[in-house]
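Chains as they are written, first to last, in this note's numbering: chain A, 3 to 267; chain B, 500 to 804. Below you'll find the structure, written out as structure tokens, and then a few comments.
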Amino acid sequence: MSEKKPIFTPVSEKEVTRAIVDGFARQFIEYVESDCLIVGGGPSGLMVGRDIALKGVKTLIVERNNYIGGGFWIGGYLMNKVTVREPGQKILEELGIPYEKATKGLYVADGPHACSKLIAAACDAGVKFANMTIFDDVVLREGNRVCGAVVNWTPVQALPREITCVDPIALEAKFVVDSTGHDACVVRKLEERGIVKTSGFGAMWVEQSEDLVIEHTGEVLPGLIVTGMAVSTVYGLPRMGPTFGAMLLSGRKGAQVILEKMKKG
Amino acid sequence: MNNFILHIPASINLYREGDLRGLNIEDLGRYLTEKTHIPFHLCGDIYEGLSEKRVEAVAKEYAKIKVKDPDRRLTRSAVPNLSFEVAAKKHRSGSTLSKPQPSGEGVEGLIMGSPLQAEIDYEKRRMKDLQWRIFGILYEGIWYQKIVSEIIHERQFDFNRCTILFTNQLFGTWDRDDRRYHARVSLYGFPNMISTTGLVEAPAKPKEFYLKKQMGVPVEILKEEYQGRFLDHGDPKTTDVLKGYAMQALFFHLSGEPFCEDPDCRLFNSHWQEEVLHAQMDGKYEFCPRHEAILQELKVKGKPR
Numbered sequence: 003m004s005e006k007k008p009i010f011t012p013v014s015e016k017e018v019t020r021a022i023v024d025g026f027a028r029q030f031i032e033y034v035e036s037d038c039l040i041v042g043g044g045p046s047g048l049m050v051g052r053d054i055a056l057k058g059v060k061t062l063i064v065e066r067n068n069y070i071g072g073g074f075w076i077g078g079y080l081m082n083k084v085t086v087r088e089p090g091q092k093i094l095e096e097l098g099i100p101y102e103k104a105t106k107g108l109y110v111a112d113g114p115h116a117c118s119k120l121i122a123a124a125c126d127a128g129v130k131f132a133n134m135t136i137f138d139d140v141v142l143r144e145g146n147r148v149c150g151a152v153v154n155w156t157p158v159q160a161l162p163r164e165i166t167c168v169d170p171i172a173l174e175a176k177f178v179v180d181s182t183g184h185d186a187c188v189v190r191k192l193e194e195r196g197i198v199k200t201s202g203f204g205a206m207w208v209e210q211s212e213d214l215v216i217e218h219t220g221e222v223l224p225g226l227i228v229t230g231m232a233v234s235t236v237y238g239l240p241r242m243g244p245t246f247g248a249m250l251l252s253g254r255k256g257a258q259v260i261l262e263k264m265k266k267g
Numbered sequence: 500m501n502n503f504i505l506h507i508p509a510s511i512n513l514y515r516e517g518d519l520r521g522l523n524i525e526d527l528g529r530y531l532t533e534k535t536h537i538p539f540h541l542c543g544d545i546y547e548g549l550s551e552k553r554v555e556a557v558a559k560e561y562a563k564i565k566v567k568d569p570d571r572r573l574t575r576s577a578v579p580n581l582s583f584e585v586a587a588k589k590h591r592s593g594s595t596l597s598k599p600q601p602s603g604e605g606v607e608g609l610i611m612g613s614p615l616q617a618e619i620d621y622e623k624r625r626m627k628d629l630q631w632r633i634f635g636i637l638y639e640g641i642w643y644q645k646i647v648s649e650i651i652h653e654r655q656f657d658f659n660r661c662t663i664l665f666t667n668q669l670f671g672t673w674d675r676d677d678r679r680y681h682a683r684v685s686l687y688g689f690p691n692m693i694s695t696t697g698l699v700e701a702p703a704k705p706k707e708f709y710l711k712k713q714m715g716v717p718v719e720i721l722k723e724e725y726q727g728r729f730l731d732h733g734d735p736k737t738t739d740v741l742k743g744y745a746m747q748a749l750f751f752h753l754s755g756e757p758f759c760e761d762p763d764c765r766l767f768n769s770h771w772q773e774e775v776l777h778a779q780m781d782g783k784y785e786f787c788p789r790h791e792a793i794l795q796e797l798k799v800k801g802k803p804r
């Protein structure tokens, strides 16, 4: 009678721990300095990351939640169908995301499928992530150039007051992207310092909001690019409906801006 | 003899701004002349021929007058007697008259600040592209009119003409009654401004449309469902509908009163899309008997001189 072999190779707990710590530490040390630090791992941040990483730009995305993808998992009213208006479907095609035509100029896809494909595309392109990591402050240099971000573990926020003195750490980058959605955390932090003035979103709700987001995507201060819904907050653009085409295309435009600026040196 | 007409202009000057899909200005001009015997003149793009320096300066002005919070009046200065607001009509309206007045109400306004460079750059791109298609920013209408007025005056200073600017940009005016900005189709004064985007966005659509939109039904689906009950961007009915608004502008120039209370008259100040379509497309008549009589008189007086 032959002895039944275990399916998995036996490893001890300490080896598992070492693998986690070592893997995390090596990557973290490498990405303490990157070409581009993206704050916010929603659709626009992922799109920026994916497009620039494909061009060999060393990219780290900082995400405050455990999960990546932001609001791209679900559409309006917690329903997990996401919509894009033309020409957003071209990006869905590019990422291999199945979609259907809902009506003229409007397309619908499964949220989980779309979001996971976008995350995978960013990972495949070479983007690295620091999730459960919350943006705390901006690293500024001469001429108010944004050169990085100060971050901390997300759970630190929830710690009792007695031990909230957990100091954050700084990450440096040639470019920082604020893709934190309507919160526009990075720009807001600069606003606290009186360096820039944001407007807050929401004068009107009209169909053209998406176009305006793309048009305004770009560098708001030297070294700081703003994409996605954060653009609405910074420039006071009309709020948008539950369609994601502008997030994807804004991310793409943000990537173009970064690549052009890197090219110019 | 009708004492209504105060001043007959030598011509009707028609300017344009941006992509005016659905609007045939020449056709509209011919209509005005046919109705009044006042000649029309197509003046082209409002920004044509502006120097680079002037474009930069105007772009900066536009970037300052974006209404970002419709519940707060945009003011040039914190000093009350330097602030402005619109003498809004007592009723909610799709159109309004430009009569800047000191507010003196002590209401906290939003002071025009320094725009970000990206905002100025956006305005420059918008001004330089004669077929600019993007809209959606709500501008302070009175200040927009002031900026445009200065541009026109730089070319031609002549109050003997009825000037109308057709724009695809959206403007609004502060309503003193409900203390908020409202998007407008038109703003009468110098120049008269008529917005193709305002025509779609300002008059209210059917109530059910908004309820469903709040529930997350995409606009594209709703447009199919409510087709024919409101005007859409680039709607083929745009030219015909705006003929009525252009006539309101002309009546404002003639008499200071652009509106009529008869919902079947093209001069009716419509609040709802369905009212717009009725007054402009399928009213009992084009103009009510009183305004028709004025137009007949104008035809005699307004012959080209």
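Note that CB positions come from ideal geometry on N, CA and C, so glycine has one too.
Classified as buried, A/GLN91 has 16 or more neighbouring CB atoms from the shown chains inside 10 Å of its CB. Short of 8 Å from the beta carbon of B/ASP518, and not among the five residues preceding or following it, lie these beta carbons of its own chain, in chain order: GLN630, TRP631, ARG632 and ASN667. Under the Cβ criterion (8 Å, minimum of three pairs), the region 151 to 170 of chain A does not count as touching the region 208 to 225 of chain A. Taking one beta carbon from each stretch, the region 127 to 137 of chain A and the region 58 to 72 of chain A have 3 or more pairs nearer than 8 Å; the two touch.
Note on geometry: alpha-carbon atoms of B/HIS536 and B/LEU513 lie some 16 Å from one another. Taking 7 Å as the CB threshold, A/ASP185 stays off the interface with chain B. Burial is judged here by how many other beta carbons sit within 10 angstroms of a residue's own beta carbon; B/GLY755 has fewer than 16 and is exposed.
For A/ARG190, the enclosing alpha helix (DSSP H) covers residues 187 to 194. Per DSSP, A/VAL18 is one residue of the alpha helix (DSSP H) stretching across 15 to 32. Annotation: the continuous alpha helix (DSSP H) that includes B/GLU555 extends over 551 to 563.
Per DSSP, the beta bridge partners of A/VAL64 are A/VAL41 and A/ALA132. Going by DSSP, A/HIS115 is part of the alpha helix (DSSP H) stretching over 113 to 127.
For the pair of segments examined, the region 37 to 46 of chain A was found to touch the region 175 to 188 of chain A: the number of CB pairs separated by less than 8 Å reaches three. DSSP places A/ALA55 within a helical segment (H, G or I) once states are collapsed to three.
Listed along chain B are LYS567, each with a C-beta nearer than 7 Å to that of A/SER201. Listed as beta-bridge partners of B/ASN512 by DSSP are B/HIS540 and B/THR662. Counting only residues of its own chain and dropping the five nearest sequence neighbours on each side, A/VAL198 has a CB closer than 7 Å to the CB of VAL189, LEU192, VAL222 and LEU223. For A/GLY220, the enclosing beta strand (DSSP E) starts and ends at 220 to 223. Residue burial is scored here from C-beta neighbours: B/GLY543 has fewer than 16 other C-beta atoms within 10 angstroms and is therefore classed as exposed. For B/GLY715, a Cβ of chain A is located within less than 7 Å of the residue's own Cβ.
Taking 8 Å as the upper bound for CB-CB distance, B/ILE650 and B/VAL557 are in contact here, some 7 Å apart. Shown here, B/ILE646 sits in a helix according to DSSP, grouped into three states. Taking B/TRP771 as the centre and dropping the five residues before and after it, the same chain places the C-beta of PRO702 and ALA703 closer than 7 Å to its C-beta, in chain order. The secondary-structure analysis by DSSP pairs B/TRP771 across a beta bridge with B/ALA703. Not flagged as an interface residue toward chain B: A/GLU65, since no C-beta distance is shorter than 7 Å. Considering only B/PRO569, B/THR696 and B/MET746, the residue with the shortest C-alpha distance to B/ASP677 is B/PRO569. The beta-carbon of B/PHE634 is placed less than 7 Å from the nearest beta-carbon of chain A. Annotation for B/ASP526: no beta strand (DSSP E) segment contains it, though the alpha helix (DSSP H) segment containing it runs 524 to 535.
With respect to chain B, the C-beta atom of A/TYR109 has no partner C-beta closer than 7 Å. Listed in chain order, the positions of the region 719 to 731 of chain B with a beta carbon within less than 7 Å of a beta carbon of chain A are GLU719, ILE720 and GLU723.
A direct Cα-to-Cα measurement between B/LYS567 and A/LYS57 gives close to 37 Å. Three or more pairs of CB atoms, one per stretch, sit closer than 8 Å, so the region 106 to 124 of chain A contacts the region 70 to 79 of chain A. For A/ASP180, no chain B residue has a C-beta closer than 8 Å to its own C-beta; the minimum C-beta separation is roughly 13 Å. Take the alpha-carbon of B/GLN655 and the one of B/GLN644: they are about 16 Å apart. Any Cβ of chain A closer than 7 Å to the Cβ of B/ALA509 would place that residue at the interface, and such an atom is absent. With a threshold of 7 Å between beta carbons, B/TYR561 makes no contact with chain A.
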